[in-house]
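FYI, the UniProt record's numbering numbers position 21 of the sequence shown as 21, with every residue one higher than the one before it.
Glycine residues also receive a C-beta, built at the ideal position from the N, C-alpha and C atoms.
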Amino acid sequence: MDKDRIVGSAKEFAGRAEGAIGDLASDTQTQASGKAREAAGSVQNLYGQAKDAVRDATDTAASYAKDAYDKPAETLRDGSQAIAQKVQDNPMGALLVAGGIGFALALLMARPSRRPPPRWRY
1 MDKDRIVGSA
11 KEFAGRAEGA
21 IGDLASDTQT
31 QASGKAREAA
41 GSVQNLYGQA
51 KDAVRDATDT
61 AASYAKDAYD
71 KPAETLRDGS
81 QAIAQKVQDN
91 PMGALLVAGG
101 IGFALALLMA
111 RPSRRPPPRW
121 RY
């Protein structure tokens with residue numbers, strides 16, 4: 001749990017309490033201050049949640065990369081099986097993707113090489 005989440009939750013709670021006190025005392029300035037503090041706490045809590053989510057995603061990606069590096073044969077086999085399953089599930093989409101890749105490669109290979117223009121002309 002991130003420090004921002006804890007501080008944000010505390011600010012949010014304090015803002016709610018301040019807003020409730022303002023409601024009881026019918027003081028609009030205290031109510032507005034409580035709402036502002038509650039909103040600031042919510043934003044800080046969301047920021048902490050986002051940081052936690054990024055940290056978790058990074059850890060997961062690093063774990064997957066480490067597993068793929070440690071077991072390349074299994075990773076290749078699993079990837080091949082996943083691709084084969086996708087092709088079986090959607091053969092027309094796979095055909096379109098393969099055709100697009102082939103078309104792009106053909107364009108790249110058929111392009112004339114770039115030569116510098118001649119310096120002298122007769």
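Can you tell me which of SER113, MET1, ARG119 puts its alpha carbon nearest to the alpha carbon of VAL54? Closest option to VAL54, Cα to Cα, is MET1.
Can you look up LYS71 in the DSSP assignment and give me helix, strand or coil? Secondary structure of LYS71 (DSSP, three-state): coil.
Buried versus exposed, by CB contacts within 10 Å (16 or more), ASN45: Counting Cβ neighbours within 10 Å, ASN45 comes out buried, since at least 16 surround it.
Go ahead and pull the three-state DSSP assignment for SER80. Assignment of SER80 by DSSP, reduced to helix, strand and coil, places it in the helix class.
Proximity to LYS35 [Cα-Cα], best of LYS51, THR58, ASP52, LYS11: Closest option to LYS35, judged by alpha-carbon separation, among LYS51, THR58, ASP52, LYS11: LYS11.
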